[in-house]
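*Asks:* As numbered in this note's numbering, residues 37 to 274 make up the sequence shown, in order.
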Amino acid sequence: MKRALFDALQAARAAKRPAVVATALGDGRQSLIVGDKADGELPASEAIRAAARRALRDDKSHTIETEHGPVFVQAFNTPLRMLVVGAVHISQALAPMAALAGYAVTIVDPRRSFATAARFPGVTLTHDWPDEAMDKIGLDARTAVVTLTHDPKIDDPALERALRSDCFYIGCLGSTRTHKARLGRLAELGFGEKDFARIHGPVGLDIGAQSPAEIAVSIVAEVTAVLRAEPDAAAAAA
37 MKRALFDALQ AARAAKRPAV VATALGDGRQ SLIVGDKADG ELPASEAIRA
87 AARRALRDDK SHTIETEHGP VFVQAFNTPL RMLVVGAVHI SQALAPMAAL
137 AGYAVTIVDP RRSFATAARF PGVTLTHDWP DEAMDKIGLD ARTAVVTLTH
187 DPKIDDPALE RALRSDCFYI GCLGSTRTHK ARLGRLAELG FGEKDFARIH
237 GPVGLDIGAQ SPAEIAVSIV AEVTAVLRAE PDAAAAAA
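1) Do C203 and T179 have their C-beta atoms closer together than 8 angstroms?
2) Suppose contacts are defined by Cβ-Cβ distances below 8 angstroms. Is I255 in contact with G237 by that definition?
3) Whole beta strand (DSSP E) runs in the stretch 81-140 with 3 or more residues, listed along the chain?
4) What do you reckon, are the CB atoms on P193 and W165 nearer than 8 angstroms?
5) Are V144 and L119 touching if we call contact CB-CB under 8 angstroms?
6) Since T20 and A83 should fall inside the 8 angstroms C-beta cutoff, what is the C-beta to C-beta distance between them, to a whole number of angstroms?
7) Here's the rule I'm using: 16 or more other beta-carbon atoms within 10 Å means buried, otherwise exposed. How should I243 be labelled?
8) How many angstroms separate the CA atom of A265 from the CA atom of T152?
9) What does the Cβ neighbour count give for E229, buried or exposed, with the cut at 16 atoms within 10 Å?
10) Is the distance from the Cβ of L219 to the Cβ of I206 below 8 angstroms?
11) Closer than 7 angstroms by C-beta to A273: which residues in its own chain qualify, once you throw out the five before and the five after it? Chain order, please.
12) Please report the residue range of the alpha helix (DSSP H) in which D167 lies.
13) Drop a sphere of 10 angstroms on the beta-carbon of G105, count the other beta-carbons inside from all chains shown, and report buried for 16 or more, exposed for fewer.
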């Protein structure tokens, strides 16, 4: 790998931007693909770009056949993260499930009596208000945000930050009526239908979940479905 391409790859990783290195196995030419931009000696055809998107979506590098011969498409994804707003019973089940699915989980709740190490052993906790916590942590395209408190004073600031970011999943606990009221409050903050389409509310797949553990299962399942969705399918759903 040439130094300029290596430096660009390191810069993308430092900025927490998913990147792909495409290498022609025949002659060694390479290209770095970050978002819509591609730089390098290897022309990034639509086939290579599509393979890059697939590699990032599936977290799996692979080789494809192209007009340049076989090309190895190597994914450099940023870590998966889940920010759970609200140290509630569902969160106690959700945190270990999400961790098993590969997420670095952070519980965000300013209520110190709820967010304790005894209730969440081994889980990262922050007692900052959600907007402050998210400003410190930073939200990226590999971050899922789940709000579970039912308290607008806590959930709404988190949703405002999430909607202004490119996090890939936003889910909110609550009934249909609760969600309608939530959207009304967000509309007063200047958000519109395009923003509302990003919010999964009520949170989780509809599997008839009742207990906190069952609801946690439905949330992990929905987050996974969104993460692994085909780009065209995700666009159509939005």
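Note that the Cβ used here is the ideal one computed from N, Cα and C, for glycine as well.
*Replies:* Reading from the atomic positions:
1) Position 167 of the sequence shown, counting from 1, holds the residue named residue 203. Position 143 of the sequence shown, counting from 1, holds the residue named residue 179. For the 8 angstroms CB-CB criterion, C203 and T179 form a contact.
2) Position 219 of the sequence shown, counted from the first residue, corresponds to residue 255. Position 201 of the sequence shown, counted from the first residue, corresponds to residue 237. For I255 and G237, no; Cβs fall outside 8 angstroms.
3) Whole beta strand (DSSP E) segments, 3+ residues: 98-102, 105-112 and 117-121.
4) Taking the first residue of the sequence shown as 1, we reach residue 193 at position 157. Taking the first residue of the sequence shown as 1, we reach residue 165 at position 129. Going by C-beta atoms, P193 is nearer than 8 angstroms to W165.
5) By one-based count along the sequence shown, residue 144 stands at place 108. By one-based count along the sequence shown, residue 119 stands at place 83. Yes, these two residues count as a Cβ contact at 8 angstroms.
6) Here the chain covers residues 37 to 274 and nothing more, so residue 20 does not appear.
7) Position 207 of the sequence shown holds residue 243. Exposed, because fewer than 16 other Cβ atoms sit within 10 Å of the Cβ of I243.
8) Your numbering for residue 265 matches position 229 in the sequence shown. Your numbering for residue 152 matches position 116 in the sequence shown. Their backbone Cα atoms lie some 35 angstroms apart in a straight line.
9) Numbered from 1 along the sequence shown, position 193 holds the residue referred to as residue 229. It is exposed - the Cβ of E229 has fewer than 16 other Cβ atoms within 10 Å.
10) As a first step, residue 219 must be located in the sequence shown, where it is residue number 183. As a first step, residue 206 must be located in the sequence shown, where it is residue number 170. Against a cut-off of 8 angstroms, the Cβ pair of I206 and L219 comes out as no contact.
11) Position 237 of the sequence shown holds residue 273. Low local confidence applies: a pLDDT of 45 at A273 is under 50, so the model's placement there is unreliable, and no value is given.
12) Here the question's residue 167 lines up with position 131 in the sequence shown. Looking at the DSSP string, the run of the alpha helix (DSSP H) that includes D167 is P166 to I173.
13) By one-based count along the sequence shown, residue 105 stands at place 69. Per the 10 Å Cβ criterion, exposed.
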